[in-house]
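Below is one structure, written out as structure tokens; comments come after it.
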Amino acid sequence: MRLKLCDILIVLFVVCVSGGIAFAVYGGRHGEAYAHINSAQDELFYALDVPHLVNVKGPLGTTVIRIADGFAQVIDSPCREKICVKSGKIHSPGEWIACLPNQVLITIEGREPSDVDARSY
Amino acid sequence: MSTRAATDRTDIIALLAATALFLASIEYIIPKPLPFLRLGIANLPILLALYLLTAREIMLLVALKILTQGFIQGTLFSYVFLFSCAGGVTSGLVMIGLFKLLKNHVSMIGISAAGAFTGNMVQLLLAGTIIWGPGVFIIAPPFLLIGTVSSCILGGLAQVFYKRSRWVRQVQGFLQ
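Order-wise, the sequence lines are chains A and B. Its first residue numbered 1, the first sequence is counted upward by one per residue in the working numbering. Its first residue numbered 1, the second sequence is counted upward by one per residue in the working numbering.
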């Protein structure tokens with residue numbers, strides 16, 4: 001088996017675009033980490049050091065997210081596979097928990113919430 | 001004679017679709033380190049089909065693969081299935097297009113990498129557009145990384161299989 005020229009070009013292209021996205025997402029962070037909760041209806045921001053129990057409504061029901069001691073975690077979800085609950089605790093910028101069935105996405109971001117409107121990715 | 005040939009082609013599509021169904025089941029029972037990550041082994045028959053079938057037949061195979069994969073994963077009647085459809089159809093079209101365009105200048109490795117990348121990007125863009133907004137790209141890097149690595153390996157496997165398989169030679173004999 002021999003690599004052809006276009007194989008190398010295609011893989012190079014894919015790696016460059018993926019690397020660019022990774023850099024845009026992970027690079028250049030500053031400030032306190034906070035949890036960004038994205039649901040079908042809402043966009044919410046929580047500091048990680050203040051304890052909160054957040055109920056988020058999705059198409060299947062309520063996803064319960066606990067924020068405490070610098071971590072965010074899904075503790076209950078109406079979805080079937082409970083991948084989001086099994087994902088455990090997240091705390092550092094770039095980490096995420098997603099529940100596709102109930103349309104909830106939790107990401108840890110490293111900028112102040114006030115900067116978010118200006119993000120470029 | 002022509003009916004017999006038509007049956008042969010249908011048989012090949014059915015056999016490849018059945019292989020995709022089998023591989024989708026194998027994929028389903030492999031534990032995943034991160035949610036939603038796929039190895040994409042069910043795409044192996046589609047890569048082989050590029051050498052064997054016409055564009056329309058390949059798209060039929062892609063449709064069958066998406067359908068059976070949805071069936072295996074239990075997502076067939078949920079909106080998650082829309083994601084599979086969009087990713088599967090676009091990656092199928094891109095793979096066919098590149099294969100026709102680049103012919104001997106590309107192997108299955110490049111085709112497979114391009115297909116995986118297209119499928120992943122389309123699904124991310126779709127998730128970003130209809131559910132979560134542009135913040136969805138924070139989940140993109142692990143998808144794209146694993147997708148690139150596993151699709152290159154799969155492409156290499158497909159290439160070796162294509163070169164060595166007596167079954168492939170036999171099928172090519174039929175289809176002449």
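Quick reminder that beta carbons are idealized off the backbone N, C-alpha and C, glycines included.
{"Item": "In the DSSP assignment, find the unbroken alpha helix (DSSP H) run with B:Trp167 in it and report its ends.", "Value": "166 to 175"}
{"Item": "For A:Asn102 and A:Pro78, which I take to be in contact (beta-carbon distance under 8 angstroms), what is that distance rounded to the nearest angstrom?", "Value": "6 angstroms"}
{"Item": "Got a sec: which bits of the segment 73 to 99 of chain A sit with their beta carbon under 7 angstroms from any beta carbon on chain B, in order along the chain?", "Value": "Ile83, Ser87, Gly94, Trp96, Ala98"}
{"Item": "Between which two residues does the alpha helix (DSSP H) containing B:Thr118 stretch?", "Value": "108 to 127"}
{"Item": "With contact counted as at least three CB pairs below 8 angstroms, one residue from each stretch, are the segment 117 to 132 of chain B and the segment 83 to 102 of chain B in contact?", "Value": "yes"}
{"Item": "A:Gln41 versus chain B: which residues are under 9 angstroms apart at the beta carbon?", "Value": "Those within 9 angstroms of A:Gln41 in chain B number zero; the least Cβ separation is about 11 angstroms."}
{"Item": "Could you please give me the residues that DSSP links to A:Ile67 through a beta bridge?", "Value": "A:His52, A:Ala72"}
{"Item": "Ends of the beta strand (DSSP E) at A:Glu81?", "Value": "It is not in any beta strand (DSSP E) - A:Glu81 carries neither H nor E in the DSSP assignment."}
{"Item": "Does A:Thr107 come within less than 8 angstroms of chain B when only Cβ atoms are used?", "Value": "yes"}
{"Item": "Check whether the Cβ atoms of A:Cys99 and A:Val64 lie closer than 8 angstroms to each other.", "Value": "no"}
{"Item": "At the level of alpha carbons, what is the spacing between A:Leu5 and B:Gly147?", "Value": "21 angstroms"}
{"Item": "Along chain B, in chain order, which residues have C-beta atoms closer than 7 angstroms to that of A:Asp7?", "Value": "Val106, Ser107, Ile109, Gly110"}
{"Item": "Under a CB-based cut-off of 8 angstroms, is B:Cys152 close to chain A?", "Value": "yes"}
{"Item": "What is the DSSP secondary structure of B:Thr90, counted as helix, strand or coil?", "Value": "helix"}
{"Item": "Count the CB pairs spanning the segment 45 to 56 of chain B and the segment 95 to 106 of chain B that are closer than 8 angstroms, and state whether there are at least three.", "Value": "yes"}
{"Item": "Does any C-beta atom of chain B lie closer than 8 angstroms to the C-beta of A:Ile21?", "Value": "yes"}
{"Item": "At 4 residues or longer, and completely inside the segment 7 to 62 of chain B: list those alpha helix (DSSP H) runs for me, N to C.", "Value": "44 to 52"}
{"Item": "Would you please state the rounded distance, in angstroms, between the beta carbons of B:Ala17 and B:Leu61? I believe it to be under 8 angstroms.", "Value": "6 angstroms"}
{"Item": "Just checking: is the beta-carbon of A:Lys57 within a distance shorter than 8 angstroms of some beta-carbon in chain B?", "Value": "no"}
{"Item": "So what does B:Trp132 bridge to, in DSSP terms?", "Value": "DSSP output for B:Trp132 lists no bridge partner at all."}
{"Item": "8 angstroms is my cut-off, CB to CB: does A:Ile10 come that close to chain B?", "Value": "yes"}
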